[in-house]
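J.:
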Amino acid sequence: MQIVVLTKVVPDYEVPSADFELVEDRAHPRYTRMIGLYDENAVELGVQLKEKLSAELVILSYGVSDDVQFLRKALAMGADKIVLVEGTSDDPYVIAANLKMAVDKMGGADLILAGRQSSDMDRGVVHGLLAGMLDYPFIPQACSAEQADGGWKVAQITETGKRLLKLSGRGVLSITSIPENVPRIPAVKAIFAAKKKPVEKLPEIAAARMNVRELSVRIPKMESVCELLPAEDLEDTARVLLRRLKEERYL
Amino acid sequence: MGRVPYWNISYGLLIDLLSLPAMAVFAYGIYGHWQRIKQGKARIGPGMTLDAWKVGPVYLRALLVKGILGSRIYKKPCTGLAHALLFWGMAALSVGTVLVFLNVLFGLAVFSGGFNRWFMGFGLDLAGVAALIGVLFLLARRLFPPERLTLFKTNSAFVPIEAAIVLLIASGFVIEGLRIALKGADPGSFVGNWLASLLVGVGAAPLIHQYLWWLHGLLALSLIAYLPYSPLAHLLLAPVNAGLDIPIPGPKMGVIDFEAFDGEGEEAPCLGVGKMADFSWKNLLDASTCLQCGRCHEVCPAAQTGKSLSPKNVMGTLGDYLQQGKMDDDSLLDSIGSDTIYSCTTCSACMEACPVSVNQPNAILKMRQHLLMERSEIPEIMGQAHRSLEARHHPFIGTGFGPNDWRKGLDVPIYRKDETTYLLWIGCSVSYEERTQNIARSMVRILKSAGVSFGILEENRCTGDPAKQMGNEFLFTEIAGQNIEEFAALGVTKVITMCPHCFNSFTRHYPLLGASFEVVPHAVLLRELIQSKAIKLANSGATICYHDPCYLGRHNDVLADPREVVSSLGQLVEMPRRGCESFCCGGGGGNYWTEEEGTRINQTRAKEAMDTGASLIATACPFCLLMLTDGLKKYTENAMIQDIAELVCNQMEA
Chain P
55 MQIVVLTKVV
65 PDYEVPSADF
75 ELVEDRAHPR
85 YTRMIGLYDE
95 NAVELGVQLK
105 EKLSAELVIL
115 SYGVSDDVQF
125 LRKALAMGAD
135 KIVLVEGTSD
145 DPYVIAANLK
155 MAVDKMGGAD
165 LILAGRQSSD
175 MDRGVVHGLL
185 AGMLDYPFIP
195 QACSAEQADG
205 GWKVAQITET
215 GKRLLKLSGR
225 GVLSITSIPE
235 NVPRIPAVKA
245 IFAAKKKPVE
255 KLPEIAAARM
265 NVRELSVRIP
275 KMESVCELLP
285 AEDLEDTARV
295 LLRRLKEERY
305 L
Chain C
2 MGRVPYWNIS
12 YGLLIDLLSL
22 PAMAVFAYGI
32 YGHWQRIKQG
42 KARIGPGMTL
52 DAWKVGPVYL
62 RALLVKGILG
72 SRIYKKPCTG
82 LAHALLFWGM
92 AALSVGTVLV
102 FLNVLFGLAV
112 FSGGFNRWFM
122 GFGLDLAGVA
132 ALIGVLFLLA
142 RRLFPPERLT
152 LFKTNSAFVP
162 IEAAIVLLIA
172 SGFVIEGLRI
182 ALKGADPGSF
192 VGNWLASLLV
202 GVGAAPLIHQ
212 YLWWLHGLLA
222 LSLIAYLPYS
232 PLAHLLLAPV
242 NAGLDIPIPG
252 PKMGVIDFEA
262 FDGEGEEAPC
272 LGVGKMADFS
282 WKNLLDASTC
292 LQCGRCHEVC
302 PAAQTGKSLS
312 PKNVMGTLGD
322 YLQQGKMDDD
332 SLLDSIGSDT
342 IYSCTTCSAC
352 MEACPVSVNQ
362 PNAILKMRQH
372 LLMERSEIPE
382 IMGQAHRSLE
392 ARHHPFIGTG
402 FGPNDWRKGL
412 DVPIYRKDET
422 TYLLWIGCSV
432 SYEERTQNIA
442 RSMVRILKSA
452 GVSFGILEEN
462 RCTGDPAKQM
472 GNEFLFTEIA
482 GQNIEEFAAL
492 GVTKVITMCP
502 HCFNSFTRHY
512 PLLGASFEVV
522 PHAVLLRELI
532 QSKAIKLANS
542 GATICYHDPC
552 YLGRHNDVLA
562 DPREVVSSLG
572 QLVEMPRRGC
582 ESFCCGGGGG
592 NYWTEEEGTR
602 INQTRAKEAM
612 DTGASLIATA
622 CPFCLLMLTD
632 GLKKYTENAM
642 IQDIAELVCN
652 QMEA
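If you read the sequences in order, they're chains P and C. The working numbering numbers the first residue of the first sequence as 55 and each following residue consecutively. The working numbering numbers the first residue of the second sequence as 2 and each following residue consecutively.
1. Using the Cβ count rule (16 or more neighbours within 10 Å means buried), how would you classify L111(P)?
2. By the 10 Å Cβ neighbour count, where 16 or more other Cβ atoms means buried, how is V111(C) classified, buried or exposed?
3. Which residues does DSSP list as the beta-bridge partners of K135(P)?
4. Let me confirm a value: T86(P) is counted as buried when at least 16 other C-beta atoms fall within 10 Å, else exposed. Which label applies?
5. Can you name the residues that DSSP bridges to E213(P)?
6. State the start and end residues of the unbroken alpha helix (DSSP H) segment that holds G320(C).
7. F192(P) CB to nearest chain C CB: under 8 Å?
8. If I measure Cβ to Cβ from A261(P) and keep anything under 7 Å in the same chain, skipping five residues before and after, which residues do I get?
9. Comparing alpha-carbon positions, which option in L491(C), A364(C), I74(C) and V160(C) lies nearest T422(C)?
10. At the level of alpha carbons, what is the spacing between S377(C) and M383(C)?
11. Taking three-plus beta-carbon pairs below 8 Å as touching, is the region 270 to 282 of chain C in contact with the region 341 to 357 of chain C?
12. Considering Cα atoms alone, identify which of D52(C), N484(C), E434(C) and V525(C) is closest to I497(C).
13. For the alpha helix (DSSP H) that F475(C) lies in, which residues bound it at each end?
14. Does the structure place the region 398 to 407 of chain C close enough to the region 497 to 513 of chain C that three or more beta carbon pairs sit under 8 Å?
15. Counting only beta-carbon separations shorter than 8 Å, does R238(P) have a partner in chain C?
16. How far does the alpha helix (DSSP H) with I31(C) in it reach, from first residue to last?
17. Beta carbon of K104(P), beta carbon of I57(P): below 8 Å?
18. Kindly indicate if chain P contains any beta-carbon less than 8 Å away from that of M328(C).
19. Mapping the DSSP letters down to three states, classify F192(P) as helix, strand or coil.
20. With 16 as the cutoff for other CB atoms within 10 Å, does N265(P) come out buried or exposed?
21. For A364(C) and A288(C), I'd like the C-alpha separation in whole angstroms.
22. Between Q201(P), G204(P), T230(P) and K207(P), which has its C-alpha nearest E213(P)'s C-alpha?
23. Is D73(P) close to chain C? Criterion is C-beta to C-beta, closer than 8 Å.
24. Which of the three DSSP states, helix, strand or coil, is assigned to K635(C)?
25. Just the Cα atoms here: how many angstroms apart are I257(C) and A468(C)?
26. Could you name the residues of the same chain whose beta carbon sits closer than 6 Å to that of A226(C), not counting the 5 residues immediately before and after it, in chain order?
27. Going by C-alpha distance, which of I273(P), V242(P) and S278(P) is nearest L129(P)?
28. Should Q324(C) go down as buried or exposed, given a rule of 16 or more other Cβ atoms within 10 Å for buried?
29. Note down the Cα distance separating C463(C) from C429(C), rounded to an integer number of angstroms.
30. Is it the case that the region 311 to 330 of chain C contacts the region 551 to 567 of chain C, given that we only count it when at least three CB pairs across the two stretches are under 8 Å?
31. Quick check on Q56(P): does DSSP put it in helix, strand or coil?
32. Can you tell me whether DSSP reads W8(C) as helix, strand or coil?
33. So which of A221(C), L179(C) and I342(C) has the shortest CA-CA distance to A303(C)?
34. Can you give me the Cβ contacts of R4(C) inside the same chain, cut-off strictly under 6 Å, excluding the 5 residues immediately before and after it?
35. Once DSSP output is grouped into helix, strand and coil, what is the label at W594(C)?
36. Closer than 8 Å by C-beta to G452(C): which residues in its own chain qualify, once you throw out the five before and the five after it? Chain order, please.
In structure tokens:
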């Protein structure tokens, strides 16, 4: 059994907005790079499934060669190998086509996991496009999966709760975070062992771009509006606070 | 005519012969301790040069002061006095017994003249009275124990032993009284002479004397033989433990050489401690020496605020595992519990309170290293901070500030090789939290005003200390390595720290990784600047209560300097728990990033500071400042707490 986790290396997604700056419409290269927030949840779920099912866990990424040093964290968490398609495109179609090429080379995958959205572009489209290209079913916002009758029983987070779905064969899941898939901190021996695990680099293939053009990128202006509430009677203050939060649609 | 040894006793020398098997059993007991302790691994040496008298592995001053004189036992005066009376009383009586033996064998003239009157008579009676008072107090305390003695584990073996010592001393006096009643008064033996006056005319006195003499002798030999197998073993183990303890405060964690691990992969040796066999011999000696007196429990901030951690219970569990020979039993950490292990703030109050020099935090941190580096176990919020430290080299998750935001609008010089004298180390704690950024800004203004040549690094990062405290020695080594490399490239020789955790790491751990630079905590530098009149302060006369940060005070003995700074600013007010006995703010050991159970430590300490009635609270640690600022919110809306650098900056005269 082969499980693949789509993993993207992104600039630090916690850079405070006051400190955030763009270079050529992308985050400044001075920011630390790391595996995307939800991608780490997907890796964690992948590792849990690998441990349970004795599957092979492959980290599949589209990016530059320097990303390998950050992707090794996934190996330290428990993945078996990295497959990196070397490319620099930001276009979801191009990325999905290249990921498909890599999956095809592997001979397909029993399950493909990916973070629900990348932590830099926040688009959340590549995994859906990949599912379409592979002709696999796609379940967004999944949080857990277990093997059942040759397929997968998948829990999906909805706005109001959790829904259980049955996937009868292969599929692509976009993973959202829940306490059960908080990424583990790799054990030190696993970090050392990760240095020896294989990394396969594939050249990019040409693919058609999406028919969407980026016109501009803008950082939202930080605004802080302060409103002081009277605090003579704390119960009353709490009531006023609740009303104001509702009025401003924060609640 | 002088006293005749073994008077009225036939074959009295038998008791001397019986002392040989007693001593053999005694020696075998000691050998048993040695066998258990030597199973431990080698320990890691101190990260600093020590100016200490040392013979082989033994630190003589610690052996004498802490081990033999038992300096720490007197922190509880009554118990301390009782121990002193019993120990020194019994020591004198033992000397007396040896002298009698030498008299019998070699005719040493101890029963004549002034020596007989003042030592063999008066001195030994006084020693007997002292020992009797001491042991009666200790027995009463065991029969009506304070809570600390009975929590988790009661060392019940003390009661029969103490009762036996009472019997031993009392029988000795009665034997002496009967002898004097039958033979005539002894010069100086005030107890014996008094008892003799009560025993004159007792029928069968010679027979009673004989029976009691043998009972006394056999009881004494039994106690000697039993000593290493009983809690009385602390008589021997405590001085040994004190003499072998590296005489610097704090857990003394050292560093791990990870280069040895490279290429080993999964075959690399175990990290931290997962079972008793992973501990160093010093940890095992600690576990053997611990008497379960519970003084550590009484001062532990976690134990005193309802957390699962009790250093007494941890040491008790280690002692049990060691005693039962469960050296390779990997249930150890689960027996103690992950929450317990992570509750330790590493404040080391337990070590400071321990009368027998046990290093509890060292054992706890080693188990924490295993939990994190081998089992990837860490509490959730601490784990988030850890992940941030790993990825961003600072642990302040969700901060709204970039690394240079603290110096916006402030002209701060960058450290230049061969030009700048001091590196002002910023680190993480004064960069990423709004409240503490003012410490760094204040320090910059003070240094500029004093004309000190200083600069900062272009990119500031953490020392890695939080990783070390959370148990990830690997991450600490990685971050420290980068810092050391950068310092070397810049030719940094003098560093100013504002965070005691950074100071501690730079002085204790960095040298073990190859660093070589002087470090001065800002509290010391500020005192020097004030003393040299490089800065002038207006004394406001306000009452200022000073909170000792654990890593500045207890861990590094920087107690007087910040107090002198505070005294230059206003009127120093002290809290009941201060100096080396200070109470932690709750933020140490990575617990700044935790969801506390029970009463919050920072609120407990904030209340103690508030109760002094001081108008301001000062400290010298960004973490203490943050913790106590938060703790104070329960009691007041006033921003009462400031770092000493902020206070100095505010009261600096132009």
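Note that CB positions come from ideal geometry on N, CA and C, so glycine has one too.
T.: So, from the listed chains and residues:
1. buried
2. buried
3. V112(P)
4. exposed
5. None, per the DSSP bridge assignment.
6. P312 to Q324
7. no
8. Y147, V148, A151 and N152
9. L491(C)
10. 12 Å
11. no
12. V525(C)
13. E474 to L491
14. no
15. yes
16. L14 to I38
17. yes
18. no
19. strand
20. exposed
21. 9 Å
22. T230(P)
23. yes
24. coil
25. 13 Å
26. A23, V26 and F27
27. V242(P)
28. exposed
29. 5 Å
30. no
31. strand
32. coil
33. I342(C)
34. F112
35. helix
36. A535
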